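Colleague: Structure provided below as structure tokens; questions to follow.
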Amino acid sequence: MPKIDGQRLLRDLYALREIGPYKTGVHRPTLSPDDVRSRHWLAERLTDAGLVAEIDGIGNVFGRCRAPGQKILMGSHLETQDHSGWLDGAMGVVFGLEVARALGQGIDVAAWCDEEGHFGSFIGSRSFCGLLPEEEIDRCTFRADGTPLRVALERAGFAGRPRAQLDPARYRGFMEAHIEQGAELEDKALRIGVVTAIVGSHRFRIVFEGAQNHAGTTRMAVRKDAGVALVSLAAAINARFPAIVGPRTVWTTGRITLNPGAPSIVPGGAEMLFQFRDTDPAMLARLQEELEALVAEANKGPCRVTIVERSKSVPQQMDASFQAALDRSAELNAPGLHQRMPSGAGHDAQVLAERMPSAMMFVPSIRGVSHHYSENTADADLVLGCQVFADAAAEVLG
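Each number in the working numbering comes from the position in the sequence shown (counting from 1) with 12 added on.
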């Protein structure tokens, strides 16, 4: 079986951590100078590993094996959430690089652009899979300041390059390694998670229109307080959803804004960004139906409430044969210390699964932390995870 170089793996991960450091984590928003620097860093490492390196017109980085025969595509993403963790995405890319070195052939490596959604929804992997039309690129803007994606690509030096497209005949499938971003493996003293399915996520913008007025002179009986309407709907969701959801359903009100947001003014407007996630399409449909019913009930109050769907991703099952190979490799390297589990977070693997057999593997997250600069995984778990990944890939390639 192939033997990875654990020290080399860790050196690469820690070197990548120094591009855009923030406290104990990393700040590398998509197509920022540090993110672009990380993409060139990776291209150099891929070239050194004997792969043909390329950065395409949407910012994806590829390292392609020169040998004939079908390949496994491995990878994840390099950009991070703002002031966030150093392993989310980066680990999966460096795992792919190290497995390509260990196996010598049969592995292509990819770092997808913007899995974290600074400009859009999985724009890199969707571009590769033929799911990102030019007109959508025209509409994509940076969520922090509105910079158009076209402008960001131009500044990065990627504009005008062709966008790489999937050749299905080239691949046996896609494999992505990731930190768990939860505490289930750690809580159970396990070291490997074999992902069974990736959740779908429905995301909404809910807007409340009331009447702005003086907080001291407007009688309660005649107020149209958009803030109160928002809080009432959020409370109704939390009261109604538990009766209909599954064991792993989650829902989140991620942002609340009041307009004008002043202490002596009754808010005339309010907005909440809301989402729910599950691996069952029927459950997602039921939750959407319930949410729309709650919005209809809210409209019987003094404020007007409207709901706009911002995005929707489809749950994806991971390939059964790839899961079995990961199970066998985990048992070989960590007997009795692995389990199958769904992913509660979205990943590029769910996009690739629309076009080819796909798989995911988790390693533990210390205290379950992710999307925060304290995110971390033990070095021993990083090395073990990469070896499990390499052995599974060798089995799939035969």
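Don't be surprised by glycine CBs; every beta carbon is placed ideally from N, CA and C. Predicted model only: the values in this text are computed from it and were never measured.
Report back the beta-carbon spacing between Leu165 and Ala122 to the nearest angstrom; my notes put them in contact at under 8 Å.
Modeller: That pair is no contact at about 18 Å.
Colleague: Classify Leu270 as helix, strand or coil using the three-state DSSP reduction.
Modeller: Reduced to three states, the DSSP call for Leu270 is strand.
Colleague: Could you check whether Ser377 and Gln193 sit closer than 7 Å to each other, using their CB atoms as the reference points?
Modeller: The answer is yes: Cβ separation under 7 Å.
Colleague: What is the C-beta distance between Arg175 and Ile70, in whole angstroms, given that I count them as a contact (C-beta under 8 Å)?
Modeller: Contact holds; Cβ gap of about 5 Å.
Colleague: Please check the pair Cys398 and Val111, which I expect to be a contact at CB under 8 Å, by giving their CB distance rounded to whole angstroms.
Modeller: Contact flag correct, Cβ pair sits at about 7 Å.
Colleague: How should Gly97 be labelled, buried or exposed, when 16 other C-beta atoms within 10 angstroms of its C-beta is the threshold for buried?
Modeller: With 16 or more other Cβ atoms within 10 Å, it is buried.
Colleague: Measuring CB atoms only, is the region 123-143 touching the region 175-186, in the sense that at least three cross pairs come out at less than 8 Å?
Modeller: They touch, by the three-pair rule.
Colleague: My understanding is that Glu188 touches Gly104, with C-beta atoms under 8 Å, so please give their C-beta distance in whole angstroms.
Modeller: Yes, they are in contact, since the Cβ atoms of Glu188 and Gly104 sit about 5 Å apart, within 8 Å.
Colleague: Where does Gln82 land, buried or exposed, given buried means 16+ other C-beta within 10 angstroms?
Modeller: Per the 10 Å Cβ criterion, exposed.
Colleague: For His226, is the classification buried or exposed, using 16 other Cβ atoms within 10 angstroms of its Cβ as the cut-off for buried?
Modeller: By the neighbour-count rule (16 or more Cβ atoms within 10 Å), His226 is not buried but exposed.
Colleague: For Gly32, which option in Met368, Tyr385 and Pro347 has the closest C-alpha, if you only look at C-alpha atoms?
Modeller: Out of Met368, Tyr385 and Pro347, Tyr385 has the C-alpha closest to the C-alpha of Gly32.
Colleague: Are the region 217-226 and the region 366-375 in contact at 8 Å, needing three or more beta carbon pairs?
Modeller: The region 217-226, when compared against the region 366-375, does not touch it at the 8 Å Cβ threshold.
Colleague: Would you say Ile191 and Leu99 are within 7 Å of each other, going by their C-beta atoms?
Modeller: Yes, they are a contact pair.
Colleague: Just checking: is the beta-carbon of Cys315 within a distance shorter than 7 Å of some beta-carbon in chain C?
Modeller: No chain C is present in this structure, which holds just one protein chain.
Colleague: Quick one: grab the DSSP three-state call for Gln287.
Modeller: Three-state DSSP puts Gln287 in a strand.
Colleague: Which residues share a DSSP beta bridge with Thr208?
Modeller: None; Thr208 has no bridge partner.
Colleague: Rounded to the nearest angstrom, how far is the Cβ of Gly356 from that of Leu296, given a contact under 8 Å?
Modeller: No, Gly356 and Leu296 are not in contact; Cβ-Cβ is about 13 Å, not under 8 Å.
Colleague: Okay, do the region 321-332 and the region 235-247 touch, 3+ Cβ pairs below 8 Å being the bar?
Modeller: No, the region 321-332 does not touch the region 235-247.
Colleague: So is Ser276 buried or exposed if we call it buried at 16+ other beta carbons inside 10 Å?
Modeller: Ser276 is exposed by the Cβ-count criterion.
Colleague: On a CA-only basis, which of Lys236, Gly185, Val408 and Gly348 is nearest Ala310? Give me that one, please.
Modeller: Nearest C-alpha to Ala310: Lys236.
Colleague: Along the chain, where does the beta strand (DSSP E) that runs through Thr59 open and close?
Modeller: Segment Pro45 to Asp60 is the alpha helix (DSSP H) holding Thr59; no beta strand (DSSP E) there.
Colleague: Compute the Euclidean distance between the alpha carbons of Glu343 and Glu283, then round it to the nearest angstrom.
Modeller: Those two C-alpha atoms are separated by around 49 Å.
Colleague: Taking the alpha-carbon of Asp126 as reference, which of Gly116, Ala102, Gln117 and Ile119 has the nearest alpha-carbon?
Modeller: Taking only the C-alpha atoms, the option nearest Asp126 is Ala102.
Colleague: How would you label Arg289, buried or exposed, when you count the other beta carbons within 10 angstroms and need 16 or more for buried?
Modeller: Answer is buried; the Cβ neighbour count reaches 16.
Colleague: Have a look at Asn72 and Trp124 and give me their C-alpha separation to the nearest angstrom.
Modeller: Distance between the alpha carbons of Asn72 and Trp124 is about 5 Å.
Colleague: Measure the Cβ-Cβ separation of Ala337 and Glu407 and say whether it is below 7 Å.
Modeller: Going by C-beta atoms, Ala337 is nearer than 7 Å to Glu407.
Colleague: Pick out whichever of Gln362, Val381, Val375 and Phe374 has its Cα sitting closest to the Cα of Phe186.
Modeller: Answer by Cα proximity: Gln362.
Colleague: If you drop the 5 nearest sequence neighbours on each side, which residues of the same chain put their C-beta closer than 6 Å to that of Asp46?
Modeller: Ile31, Gly32 and Arg40, listed in sequence order.
Colleague: Quick one, are the C-beta atoms of Thr42 and His130 less than 7 Å apart?
Modeller: Going by C-beta atoms, Thr42 is nearer than 7 Å to His130.
Colleague: Looking at the unbroken alpha helix (DSSP H) that takes in Asp343, where does it start and where does it end?
Modeller: It is worth fixing the name first, because residue 343 is Glu in this sequence and not Asp. Its alpha helix (DSSP H) spans residues Ala332 to Asn345.
Colleague: Report buried or exposed for Pro327, applying the criterion of at least 16 other Cβ atoms within 10 angstroms of its Cβ.
Modeller: So Pro327 ends up on the buried side.
Colleague: Spatial neighbours of Asp24 within its chain, please: CB distance less than 8 Å, with the 5 preceding and 5 following residues excluded, ordered by chain position.
Modeller: Within the same chain, Asp24 has close Cβ partners Arg57, Val106, Leu109 and Glu110.
Colleague: Quick check on Arg298: does DSSP put it in helix, strand or coil?
Modeller: The answer is helix: DSSP assigns Arg298 an H, G or I state.
Colleague: Per DSSP, Lys312 is paired with what?
Modeller: Paired residues: none, contrary to the question.
Colleague: Confirm, please, whether the CB-CB distance from Gly205 to Phe374 is below 7 Å.
Modeller: Cβ distance < 7 Å, so Phe374 and Gly205 count as in contact.
Colleague: Go through its chain and collect everything with a Cβ distance to Tyr183's Cβ below 6 Å, but skip five positions before and after it.
Modeller: Cβ neighbours of Tyr183 beyond the five flanking positions: Lys83, Leu85 and Met368.
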